[in-house]
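Participant: Residue numbers (our numbering), protein chains in the order written: chain A, 60 to 170; chain Y, 127 to 362; chain U, 181 to 793.
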Amino acid sequence: MSETEKKNQSSTHKIGIYLWIWGLLFVLSFFSYLVDWYQFQGLLRWSLILIFMFLKAGLIMAFFMHLFWERYALVNVLLWPMTAIACFIFLMVAEYKYTVFTRLFYFFVGG
Amino acid sequence: MSDPKIDGLELKPGFKGMAEDTGSDQTMFKGVHWGKAMMWIFLLSDTFIFSCFLISYMKGRGSTPVEWPNPSEVFALDAFGVPVPLLLIAIMTFVLITSSGTMALAVKYGYEKNRKMCGWLVLATAIGGLTFVGMQAFEWSKLIHEGVRPWENPFGAAQFGSFFFMITGFHGTHVSIGVIFLFIYAYKVFAGHYDDQKRGWFTSMKGDYVEIEILGLYWHFVDLVWVFIFAFFYLW
Amino acid sequence: MSEDFNNNKTIQAQSSETLTGGGGGGLTPDMDYVRPAEVTDQDLYHGHSFITKWVFCQDAKVIGVQYFLLATFTGVVGLILSWLMRLQLGFPGAAGFMTAEHYYQFVTMHGMIMVVYFLTALFLGGFGNYLIPLMVGARDMVFPYLNMVSFWSFFVAVAVLMASFFVPGGPTGAGWTLYPPQTILEGTPGSEYGILLMCLSLILFVAGFTMGGLNYLITVLQARTRGMTLMRMPLTVWGIFTATVLAMLAFPALLVGALMMSLDKVLGTSFFMPTILKAGEVLEYGGGSPILFQHLFWFFGHPEVYIVALPAFGIISDLISVHARKNIFGYRMMVWAIVGIGALSFFVWAHHMYVSGMNPWFGFFFATTTLIIAVPTAMKVYNWILTLWKGNIRMNTVMLWCLGFIVTFVNGGITGIFLGNVSVDVPLSDTYFVVAHFHMVMGIAPLMVIMGAIYHWFPLVAGRFLDEKLGKWHFWTTFLGAYSIYFPMHYLGFIGVPRRYFEMYDSPYMTSAVGMNEFISLAAFLVGAAQFILIYNIIKTLKTGKPAGKNPWKANSLEWLTPTVPPEHGNWGDRLPVVHRWPYDFSVPGAKEDYITQTTPPSEVVNTGVEKT
Numbered sequence: 060m061s062e063t064e065k066k067n068q069s070s071t072h073k074i075g076i077y078l079w080i081w082g083l084l085f086v087l088s089f090f091s092y093l094v095d096w097y098q099f100q101g102l103l104r105w106s107l108i109l110i111f112m113f114l115k116a117g118l119i120m121a122f123f124m125h126l127f128w129e130r131y132a133l134v135n136v137l138l139w140p141m142t143a144i145a146c147f148i149f150l151m152v153a154e155y156k157y158t159v160f161t162r163l164f165y166f167f168v169g170g
Numbered sequence: 127m128s129d130p131k132i133d134g135l136e137l138k139p140g141f142k143g144m145a146e147d148t149g150s151d152q153t154m155f156k157g158v159h160w161g162k163a164m165m166w167i168f169l170l171s172d173t174f175i176f177s178c179f180l181i182s183y184m185k186g187r188g189s190t191p192v193e194w195p196n197p198s199e200v201f202a203l204d205a206f207g208v209p210v211p212l213l214l215i216a217i218m219t220f221v222l223i224t225s226s227g228t229m230a231l232a233v234k235y236g237y238e239k240n241r242k243m244c245g246w247l248v249l250a251t252a253i254g255g256l257t258f259v260g261m262q263a264f265e266w267s268k269l270i271h272e273g274v275r276p277w278e279n280p281f282g283a284a285q286f287g288s289f290f291f292m293i294t295g296f297h298g299t300h301v302s303i304g305v306i307f308l309f310i311y312a313y314k315v316f317a318g319h320y321d322d323q324k325r326g327w328f329t330s331m332k333g334d335y336v337e338i339e340i341l342g343l344y345w346h347f348v349d350l351v352w353v354f355i356f357a358f359f360y361l362w
Numbered sequence: 181m182s183e184d185f186n187n188n189k190t191i192q193a194q195s196s197e198t199l200t201g202g203g204g205g206g207l208t209p210d211m212d213y214v215r216p217a218e219v220t221d222q223d224l225y226h227g228h229s230f231i232t233k234w235v236f237c238q239d240a241k242v243i244g245v246q247y248f249l250l251a252t253f254t255g256v257v258g259l260i261l262s263w264l265m266r267l268q269l270g271f272p273g274a275a276g277f278m279t280a281e282h283y284y285q286f287v288t289m290h291g292m293i294m295v296v297y298f299l300t301a302l303f304l305g306g307f308g309n310y311l312i313p314l315m316v317g318a319r320d321m322v323f324p325y326l327n328m329v330s331f332w333s334f335f336v337a338v339a340v341l342m343a344s345f346f347v348p349g350g351p352t353g354a355g356w357t358l359y360p361p362q363t364i365l366e367g368t369p370g371s372e373y374g375i376l377l378m379c380l381s382l383i384l385f386v387a388g389f390t391m392g393g394l395n396y397l398i399t400v401l402q403a404r405t406r407g408m409t410l411m412r413m414p415l416t417v418w419g420i421f422t423a424t425v426l427a428m429l430a431f432p433a434l435l436v437g438a439l440m441m442s443l444d445k446v447l448g449t450s451f452f453m454p455t456i457l458k459a460g461e462v463l464e465y466g467g468g469s470p471i472l473f474q475h476l477f478w479f480f481g482h483p484e485v486y487i488v489a490l491p492a493f494g495i496i497s498d499l500i501s502v503h504a505r506k507n508i509f510g511y512r513m514m515v516w517a518i519v520g521i522g523a524l525s526f527f528v529w530a531h532h533m534y535v536s537g538m539n540p541w542f543g544f545f546f547a548t549t550t551l552i553i554a555v556p557t558a559m560k561v562y563n564w565i566l567t568l569w570k571g572n573i574r575m576n577t578v579m580l581w582c583l584g585f586i587v588t589f590v591n592g593g594i595t596g597i598f599l600g601n602v603s604v605d606v607p608l609s610d611t612y613f614v615v616a617h618f619h620m621v622m623g624i625a626p627l628m629v630i631m632g633a634i635y636h637w638f639p640l641v642a643g644r645f646l647d648e649k650l651g652k653w654h655f656w657t658t659f660l661g662a663y664s665i666y667f668p669m670h671y672l673g674f675i676g677v678p679r680r681y682f683e684m685y686d687s688p689y690m691t692s693a694v695g696m697n698e699f700i701s702l703a704a705f706l707v708g709a710a711q712f713i714l715i716y717n718i719i720k721t722l723k724t725g726k727p728a729g730k731n732p733w734k735a736n737s738l739e740w741l742t743p744t745v746p747p748e749h750g751n752w753g754d755r756l757p758v759v760h761r762w763p764y765d766f767s768v769p770g771a772k773e774d775y776i777t778q779t780t781p782p783s784e785v786v787n788t789g790v791e792k793t
């Protein structure tokens, strides 16, 4: 490892990029805090929460965790398994709606 | 870090490069240290753990017929007599992102073999993490004082407390473990273990500044998880 | 027609890129060129004392053997439990001490031990540790210290699991699926301490396994030797690698489920506990979702099936190829089938839950994905058979186990297609048909592979052959006996005998099935006893067996090409091997011998019909 590692060590990134991302993260966190402050509701709230969340997550992963500069082989390996998570989320949304439906239907409406 | 140069192999960029890396011999992740690759795969596994927690939380919250407490009110904090929603959580987020930034810089200076800067920044990260854990302890004690328990709470569905303590507790455990390692690594940086390639206490492997990057990956991941917890637990 | 086959065209016909034009041309000075090493040689810790050499050892081979022995020990415990269950089912009341509670506890522990602590640990921990570094040409696992900790976590996990036999109330009796709410409610055996120890043990196992799994993955991805591309790896490594990926992504769900269950038990949270009325009183619990646990459990549980099956697929491919002296048919197809099965296994989990009361629309989704998985699986079976086709088959014990595997696996796979369809599954679920299905497909079939692998790699590990005669006795008793056990069980399922019942009392199930149950039990005693032939065989041949020497099976893959047999710590002596080809160049036309090892450079086999791989 050491040979290749030593060669790379000189090529680090400028400090400016980290400070930029750092600043952006603060701004985005502030925005997502404002979502609660102004008490947006419904679809607007959800979309804002998710947008800010994914932007923040993306910035952290891409720049702080250097994924932006990694080769695609690594990025690819890391991102594909997320489809399983996406499937799990999607199905559990369907499942909780069904569960709460049965509960309301049998316990409160009375079957 | 970026674009490693490897003797006898021209590394192509983009998806063509991906295909060639995958089809090549010896390593698939060209120029990636073993430990770093391990940390990435571990984080992938850990992502699944937190995803399962958050999915369970979604399922639990969605399927309870009892009203879910409004987090905006539950987590409000009185500032000068006025209840400010999510004040503590906002500060905690601020602290964690700050520590993530110092960690990113520590990794940068580590690669530049700037021992002093690297050490101080790792130490700053550790202190940031410690502050976060302290504030979380404060948050927990406040909620417990208000009668929130894992099995019940005065605001609504009992699962609120269960999921809150479990998920923030699991995240807090990650932060605490990170803080311990940050302090250890700060010591190791200052003591020059990475400059002299001193062997590790347990693994007896040679030290290298890449370990700071590996620790950095872990720490950024903890921050990353907090982004999701913040969105789903406090804002939903 | 037969003329065409006899000139071995079939063996060459895979790639148009052959190295030679047949006329001896193309011998260029750099045809043996392999890129220089990217990674400096691994720095190993060599133990000196007995403790660091054999107990807290950092050598993957020793760790593999440790895993193997401990997993075998738990497997024997599981076997004894199954004997006790069969005793009760075949001859009710014959075991005087056995109560219904005991029976449930034995069912639970048998299931959990066999699936997690025996098969998973044996395939990934045992074979994975021993074979991965050798087969990819590494000196050791990439993190030897972590590897050592991994084994000792497993050891503690097993100790905790076994401790649950001795706590008040005994081990949990909720079935290996541990479904809440009954798992932690009073009245279920082991609901006091057994379930807690089970959860703790599983958490320890997952933690330990994660450490091992990271090792296997990074060793395969980042520590291959020069010339070893992913598509030159033996299928054994592919199977174990993919299974490890599945384990790394599936065990988190089990960990989360076990943790939440422990909290429900200890703190009284209600993650999984709905409002429950018991003897007219409402319990403290309320509002939780039992079906959430089932989803979490099977999100782990279905990939777990493939965690057991994929290494078996990989190992069997290698064994068949070596002992039929033919290259594996459709190597790339085999690799992609393994990867495809692994990927699909994350999208099929709720086919275990058709009758659970989940969202009824899920049946469509999961039945579809489940049946899609049959496609890559069937491809693999065809490829095994086509590998055997016109091979130069050695009818030794290893090959017998391979053939036994193919038959059992096809049998179990076909009943799986029955159960994957919702409308067929509903009447069959919770009957002995299900028991027969999963024992065939993930009990007996992987076990056959393990046995075959033991007979195949024992000469590498111990330097001596196992006794063939005893081996054949072992095989035939196990194979015929296993069929005697599980074939009748399908019929029990069809007549509706429910599983997990302690006794059928005077029901029609009892009276009509009594003879069959007795027969199954007798066969089970016999098959269980036959496994001790292997243990006897190993003990006997360790001292007196025929010495194997180097590469006794004339195999191609790297594990047989170490400078010393059995390999020493560091595996390769001074120089790492350099790989020039895939491990399946058997019976190549024009070659001097019927095998060309992976390290043979192209210039040495220039006049043969070998392909570029």
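The beta-carbon is built from N, C-alpha and C at its ideal position, and this holds for glycine as well.
State whether the stretch 388 to 405 of chain U contacts the stretch 154 to 173 of chain Y, with contact taken as three or more CB pairs (one from each stretch) at a distance under 8 Å.
Facilitator: Judged by Cβ distances under 8 Å, the stretch 388 to 405 of chain U makes contact with the stretch 154 to 173 of chain Y, as three or more pairs qualify.
Participant: A:M151 versus chain U: which residues are under 9 Å apart at the beta carbon?
Facilitator: Walking along the first sequence from the start, residue 151 of chain A turns up at place 92. What A:M151 touches in chain U: L472 and H475.
Participant: Which residue wins for smallest C-alpha separation from U:I715, given the options U:F230, U:R215 and U:F248?
Facilitator: In the third sequence, counting from the first residue as 1, residue 715 of chain U sits at position 535. U:I715 has its Cα closest to that of U:F248, out of U:F230, U:R215 and U:F248.
Participant: Using the Cβ count rule (16 or more neighbours within 10 Å means buried), how would you classify Y:M127?
Facilitator: The sequence position of residue 127 of chain Y within the second sequence is 1, counting from 1. Low per-residue confidence applies at Y:M127: pLDDT is 45, beneath 50, and the placement is therefore not dependable, though the value from the model is reported in the following sentence. Classification of Y:M127: buried, given that the 10 Å Cβ count is 16 or more.
Participant: Cα separation between U:L401 and U:T549?
Facilitator: Against the third sequence, residue 401 of chain U aligns to sequence position 221. Against the third sequence, residue 549 of chain U aligns to sequence position 369. Distance between the alpha carbons of U:L401 and U:T549 is about 29 Å.
Participant: Quick check: the Cα distance between U:I471 and U:G437, rounded to an integer number of angstroms?
Facilitator: In the third sequence, residue 471 of chain U corresponds to position 291, counting from 1. In the third sequence, residue 437 of chain U corresponds to position 257, counting from 1. When rounded, the distance between both Cα atoms is 11 Å.
Participant: Return the residue from the list U:W478, U:F509, U:H503 and U:L415 that minimises the CA-CA distance to U:R574.
Facilitator: Position 394 of the third sequence, counted from the start, is the residue given in the question as residue 574 of chain U. Of the listed residues, the one whose Cα sits closest to U:R574 is U:H503.
Participant: Mind listing the chain Y neighbours of A:A116? Cutoff is C-beta to C-beta under 8 Å, in chain order.
Facilitator: What you label residue 116 of chain A is simply residue 57 of the first sequence in a count that begins at 1. Neighbours of A:A116 on chain Y, chain order: L350, V353 and F354.
Participant: Identify which residue in Y:I338, Y:G326 and Y:F356 has its Cα closest to the Cα of U:Y325.
Facilitator: As a working mapping, residue 325 of chain U is identified with position 145 in the third sequence. Ranking the options by Cα distance to U:Y325, first place goes to Y:G326.
Participant: Compare the C-alpha of U:N591 against each of U:T577, U:A616, U:F526 and U:F271 and name the closest.
Facilitator: As a first step, residue 591 of chain U must be located in the third sequence, where it is residue number 411. For the residues U:T577, U:A616, U:F526 and U:F271, the minimum Cα distance to U:N591 belongs to U:A616.
Participant: Who are the near neighbours of A:Q68 in its chain, counting only those whose CB is closer than 6 Å to its CB and skipping five residues on each side?
Facilitator: By one-based count along the first sequence, residue 68 of chain A stands at place 9. Bear in mind that the predicted position of A:Q68 carries a pLDDT of just 43, short of 50, making it unreliable; the figure below should be weighed with that in mind. Counting only Cβ-Cβ distances below 6 Å, and skipping sequence neighbours, we find nothing.
Participant: Would you tell me roughly how many angstroms separate the C-alpha atoms of U:V694 and U:G355, rounded to the nearest one?
Facilitator: Mapped onto the third sequence, residue 694 of chain U falls at position 514. Mapped onto the third sequence, residue 355 of chain U falls at position 175. So the two alpha carbons sit approximately 24 Å from each other.
Participant: Pop quiz: Y:Q323 and U:S450 are said to be a contact at Cβ under 8 Å. What is the actual Cβ separation, rounded to whole angstroms?
Facilitator: The sequence position of residue 323 of chain Y within the second sequence is 197, counting from 1. The sequence position of residue 450 of chain U within the third sequence is 270, counting from 1. So it is not a contact: roughly 53 Å between Cβ atoms.
Participant: Just verifying my parser: in three-state terms, what is the DSSP assignment at U:Y213?
Facilitator: Locating residue 213 of chain U in the third sequence gives position 33, counting from the first residue. Three-state result, U:Y213: coil.
Participant: Taking Cβ to Cβ, would you say U:L384 is nearer than 8 Å to U:V340?
Facilitator: As a working mapping, residue 384 of chain U is identified with position 204 in the third sequence. As a working mapping, residue 340 of chain U is identified with position 160 in the third sequence. It is a contact, given that the beta carbons lie within the stated cut-off.
Participant: Based on the DSSP output, what are the partners of U:Y775 in its beta bridges?
Facilitator: To locate residue 775 of chain U, count along the third sequence from 1; it is residue 595. Beta-bridge pairing links U:Y775 to U:F766.
Participant: Evaluate U:S229 with the Cβ neighbour count: other Cβ atoms within 10 Å of its Cβ, from every protein chain shown; 16 or more gives buried, anything less gives exposed.
Facilitator: For the purposes of this step, residue 229 of chain U is taken as residue 49 along the third sequence, with counting starting at 1. With fewer than 16 other Cβ atoms within 10 Å, it is exposed.
Participant: Excluding the 5 residues preceding and the 5 following U:T595 in the sequence, name in chain order all residues of the same chain whose CB lies nearer than 8 Å to its CB.
Facilitator: For the purposes of this step, residue 595 of chain U is identified with residue 415 of the third sequence, where counting begins at 1. F613, A616, H617, M620, V621 and H670.
Participant: For U:M440, which residues from the same chain have a beta carbon less than 7 Å from its beta carbon, with the 5 sequence-adjacent residues on both sides left out?
Facilitator: Along the third sequence, one-based indexing puts residue 440 of chain U at 260. Within the same chain, U:M440 has close Cβ partners F451 and F452.
Participant: Taking U:I521 as the reference, which of U:G419, U:P607, U:F479 and U:V578 has the closest Cα?
Facilitator: Here residue 521 of chain U corresponds to residue number 341 of the third sequence, with the count starting at 1. When each option's Cα is compared against that of U:I521, the closest is U:G419.
Participant: Once the 5 residues before and after Y:W345 are set aside, which same chain residues still bring their CB inside 8 Å of it?
Facilitator: Stepping through the second sequence from its first residue, residue 345 of chain Y is reached at position 219. Once the five neighbours on either side are set aside, the close Cβ partners of Y:W345 are S225, S226, M229, T251, G255, G304 and L308.
Participant: What does the Cβ neighbour count give for U:R404, buried or exposed, with the cut at 16 atoms within 10 Å?
Facilitator: In the third sequence, counting from the first residue as 1, residue 404 of chain U sits at position 224. By the neighbour-count rule (16 or more Cβ atoms within 10 Å), U:R404 is buried.
Participant: Relative to chain U, which residues along the stretch 252 to 264 of chain Y have a C-beta separation below 8 Å, given in chain order?
Facilitator: Flagged: no residues at all.
Participant: Determine, for U:Y325, whether the minimum Cβ-Cβ distance to residues of chain Y falls below 8 Å.
Facilitator: On the third sequence, position 145 is the one that residue 325 of chain U refers to. By this cut-off, U:Y325 is an interface position.
Participant: Whose C-alpha, out of Y:V233, Y:H159, Y:P139 and Y:F220, is nearest the C-alpha of A:S88?
Facilitator: As a position in the first sequence, residue 88 of chain A is number 29, starting the count at 1. The candidate whose alpha carbon is nearest that of A:S88 is Y:F220.
Participant: Counting only the same chain and skipping the five closest in sequence on each side, list residues whose C-beta sits under 8 Å from that of Y:M154.
Facilitator: In the second sequence, counting from the first residue as 1, residue 154 of chain Y sits at position 28. The residues are D147 and T148.
Participant: Thinking C-beta only, is U:F527 closer than 8 Å to A:C146?
Facilitator: One-based indexing of the first sequence puts residue 146 of chain A at position 87. One-based indexing of the third sequence puts residue 527 of chain U at position 347. A contact, by the Cβ cut-off of 8 Å.
Participant: Run through DSSP, which three-state label would U:A459 get?
Facilitator: Within the third sequence, residue 459 of chain U is the residue found at index 279, counting from 1. Of the three classes helix, strand and coil, the one that applies to U:A459 here is coil, per DSSP.
Participant: Does any residue of chain U have a CB that is nearer than 8 Å to the CB of A:F147?
Facilitator: For the purposes of this step, residue 147 of chain A is taken as the residue at position 88 of the first sequence. Yes, A:F147 lies at the interface with chain U (some Cβ there is under 8 Å from its Cβ).
Participant: Starting from the C-beta of Y:F291, find all residues in its chain whose C-beta is less than 7 Å away, skip the five residues before and the five after it, and write them out in chain order.
Facilitator: Numbered from 1 along the second sequence, position 165 holds the residue referred to as residue 291 of chain Y. Closer than 7 Å at the Cβ level, and outside the excluded window around Y:F291, lie P276.
Participant: Touch check for the stretch 488 to 506 of chain U and the stretch 557 to 565 of chain U: three-plus C-beta pairs under 8 Å?
Facilitator: The answer is yes - the stretch 557 to 565 of chain U touches the stretch 488 to 506 of chain U, with three or more Cβ pairs under 8 Å.
Participant: Quick check on DSSP: helix, strand or coil for Y:V208?
Facilitator: Residue mapping note: residue 208 of chain Y aligns to position 82 of the second sequence, counting from 1. DSSP places Y:V208 in strand when its eight states are reduced to three.
Participant: Looking at the structure shown, is Y:K375 part of a helix, part of a strand, or coil, going by DSSP?
Facilitator: This structure gives no information on residue 375 of chain Y, because the portion of chain Y shown stretches from 127 to 362.
Participant: Pull up the DSSP beta-bridge partners for Y:D172, would you.
Facilitator: For the purposes of this step, residue 172 of chain Y is identified with residue 46 of the second sequence, where counting begins at 1. BP columns for Y:D172 are empty, so no partner.
Participant: Can you find a CB in chain U that lies within less than 8 Å of the CB of A:V134?
Facilitator: On the first sequence, residue 134 of chain A is found 75 positions in, with the first residue counted as 1. With 8 Å as the cut-off, A:V134 does not count as an interface residue toward chain U.
Participant: Within the 8 Å Cβ cut-off, does Y:G186 reach chain U?
Facilitator: Mapped onto the second sequence, residue 186 of chain Y falls at position 60. Interface residue, yes.
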